[in-house]
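J.:
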Amino acid sequence: MDITSYRYCHLCPRSCGADRTAGKAGYCGETAELRIASASLHRGEEPPITGTGGSGTIFVSGCNLGCVFCQNFQISRQAMGKPVSESEFAGICLVLQEKGAGNINIVTGSHAAPALAAGIDLAREKGLGIPVLWNSSGYDGVESLAILKDRIDVYLPDLKTLDSGIAKRFFNAPDYAEHAAAAIKKMMEYRELKYDGERLVSGVMVRHLALPGCLEATREVLGWFAEHCKGRALLSLMTQYTPVGSGKNIPDRYVSETEYETMLGWLEEFGIEDGFCQELAAGSEWLPDFNKSNPFSSELSSPVWHWQDKF
0 MDITSYRYCH LCPRSCGADR TAGKAGYCGE TAELRIASAS LHRGEEPPIT
50 GTGGSGTIFV SGCNLGCVFC QNFQISRQAM GKPVSESEFA GICLVLQEKG
100 AGNINIVTGS HAAPALAAGI DLAREKGLGI PVLWNSSGYD GVESLAILKD
150 RIDVYLPDLK TLDSGIAKRF FNAPDYAEHA AAAIKKMMEY RELKYDGERL
200 VSGVMVRHLA LPGCLEATRE VLGWFAEHCK GRALLSLMTQ YTPVGSGKNI
250 PDRYVSETEY ETMLGWLEEF GIEDGFCQEL AAGSEWLPDF NKSNPFSSEL
300 SSPVWHWQDK F
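The opening position of the sequence shown corresponds to residue 0 in numbering that gives the first Met the number 0, with each subsequent residue numbered one higher.
#1: Looking only at its chain, what residues have a beta carbon closer than 8 Å to the beta carbon of residue 17, apart from the 5 residues adjacent to it on each side?
#2: Considering only their Cβ atoms, is the gap separating residue 113 from residue 5 smaller than 8 Å?
#3: As a quick exercise: from 238, 265, 260, 262, pick the residue whose alpha carbon is nearest that of residue 313.
#4: Which same chain residues, not among the five before or five after residue 304, have their C-beta less than 6 Å away from its C-beta?
#5: Report buried or exposed for residue 162, applying the criterion of at least 16 other Cβ atoms within 10 angstroms of its Cβ.
#6: Report the rounded CA-to-CA distance for residue 56 versus residue 219, giving the unit in angstroms.
#7: Which same chain residues end up closer than 7 Å to residue 148 when comparing Cβ atoms and leaving out the 5 residues on each side of it in sequence?
#8: Residue 399 to residue 275, Cα distance in whole Å?
#9: I believe residue 2 touches residue 31 by the beta-carbon criterion, under 8 Å. Please report the beta-carbon distance rounded to the nearest angstrom.
#10: Comparing the CB of residue 216 with every heavy atom of the ligand PLP, is any distance shorter than 7 Å?
#11: What is the DSSP secondary structure of residue 105, counted as helix, strand or coil?
#12: In the structure shown, what three-state DSSP assignment does residue 300 receive?
#13: Take the Cβ of residue 140 as the centre, count every other Cβ of all protein chains shown within 10 Å, and call the residue buried at 16 or more, exposed below.
#14: With a CB to CB cut of under 6 Å and the five nearest residues on each side skipped, what residues in its chain are close to residue 118?
#15: Could you tell me the distance, in whole angstroms, from the CA atom of residue 242 to the CA atom of residue 125?
#16: List the DSSP bridge partners of residue 68.
#17: Is the Cβ-Cβ distance between residue 221 and residue 47 less than 8 Å?
#18: Hey, how far is the Cα of residue 333 from the Cα of residue 205?
#19: Quick one: using the 10 Å Cβ neighbour count with 16 as the cut-off for buried, is residue 194 buried or exposed?
#20: Where does residue 243 fall in DSSP's three states?
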């Protein structure tokens, strides 16, 4: 692994400058050591991602955003996770493949790109033959994307908002929009949409989580997608927002039926047909708990590795 990128770190748009090789944590909360919290066959992704065997999802500890309602707060901000070597990471990938995963789905790894690149390379050398997915917040740096360019087959970036006020209030990143938009454009340059049957094996799927009371921000995102991504990427419009966290800064309700119908109308208005729209459903039963060997319900996930139990 090339550790030079961890010195005076500029891997993500935060450019916090931490010397993570010296054991100092960056804004992401992580040193140069790769830590992960969970690996499982996940059946809750979009159909071309889930496939028939589930998506081989690996949750990386730490995060370079600061979402006030983060549903994975245990690993993004509470330091849950266990250090793994390149060899151990490669081994986890191979076990997921052996268990029937249709892909390797790396979640929130933007701050750990060099270590993940090395782990992916080793897994490929040892026989990993399924696509590798980059499942990120969209707040990706040019340097990280360049490191990963030849290693990632499918990109699953969020486009949380294009509104700087919302980005500051909810994600602690007022410059989120410019960096996420640039990252998504770069991802589309790197990979065109390709399928193997019904399985997505190359390309970009842009995800947007609608926030209750912030529908104009969703309209702005849909308009941007229609202008820049239609025909080049898929859209996944998500409505699963759940009030998680504390404080006055978070929306304290679910997306309403009226808001949902409004968004469906916008999809039609903008002519966005290629992608997915999550059904409206309120509840917290599916929220993860990374203290458990299976952080999700047994219907959604089959655990393969856990930070407390390993295999």
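All C-beta atoms, glycine included, are put in the ideal place defined by N, C-alpha and C.
T.: Taking the geometry as given:
#1: As a working mapping, residue 17 is identified with position 18 in the sequence shown. 7, 8, 23, 24, 25, 26.
#2: Position 6 of the sequence shown, counted from the first residue, corresponds to residue 5. Position 114 of the sequence shown, counted from the first residue, corresponds to residue 113. Contact: yes.
#3: Since the first residue shown for the chain is 0 and the last is 310, residue 313 is missing from the structure and cannot be characterised.
#4: Stepping through the sequence shown from its first residue, residue 304 is reached at position 305. These residues qualify, in order along the chain: 38, 91, 310.
#5: Reading the sequence shown from its first residue, position 163 is the one you call residue 162. Classification for residue 162: buried.
#6: Against the sequence shown, residue 56 aligns to sequence position 57. Against the sequence shown, residue 219 aligns to sequence position 220. Whole-angstrom Cα-Cα distance: 30 Å.
#7: Stepping through the sequence shown from its first residue, residue 148 is reached at position 149. 189, listed in sequence order.
#8: Outside the modelled stretch of the chain, which goes from 0 to 310, sits residue 399, for which no answer is possible.
#9: Sequence index remark: in the sequence shown, residue 2 carries index 3 (1-based). Sequence index remark: in the sequence shown, residue 31 carries index 32 (1-based). Yes, residue 2 and residue 31 are in contact; Cβ-Cβ is about 6 Å, under 8 Å.
#10: Of ligands this structure carries none, so the ligand PLP is not represented either.
#11: Stepping through the sequence shown from its first residue, residue 105 is reached at position 106. Correct three-state label for residue 105: strand.
#12: On the sequence shown, residue 300 is found 301 positions in, with the first residue counted as 1. Strand.
#13: On the sequence shown, residue 140 is found 141 positions in, with the first residue counted as 1. Buried, by the Cβ-count rule.
#14: Taking the sequence shown and counting its residues from 1, the one referred to as residue 118 is at position 119. So the list reads 85, 88, 89, once near-sequence residues are dropped.
#15: Locating residue 242 in the sequence shown gives position 243, where the first residue counts as 1. Locating residue 125 in the sequence shown gives position 126, where the first residue counts as 1. If you draw a straight line from the Cα of residue 242 to the Cα of residue 125, it comes to about 42 Å.
#16: As a first step, residue 68 must be located in the sequence shown, where it is residue number 69. Looking at the DSSP assignment, residue 68 forms no beta bridge with any residue, so it has no partner.
#17: Stepping through the sequence shown from its first residue, residue 221 is reached at position 222. Stepping through the sequence shown from its first residue, residue 47 is reached at position 48. Going by C-beta atoms, residue 221 is not nearer than 8 Å to residue 47.
#18: With the chain covering only 0 through 310, there is no way to say anything about residue 333.
#19: Here residue 194 is taken as the residue at index 195 of the sequence shown, counted from 1. Under the 10 Å beta carbon count, residue 194 is surrounded by fewer than 16 other beta carbons and is classified as exposed.
#20: Here residue 243 corresponds to residue number 244 of the sequence shown, with the count starting at 1. DSSP places residue 243 in the coil class of the three-state scheme, outside both helix and strand.
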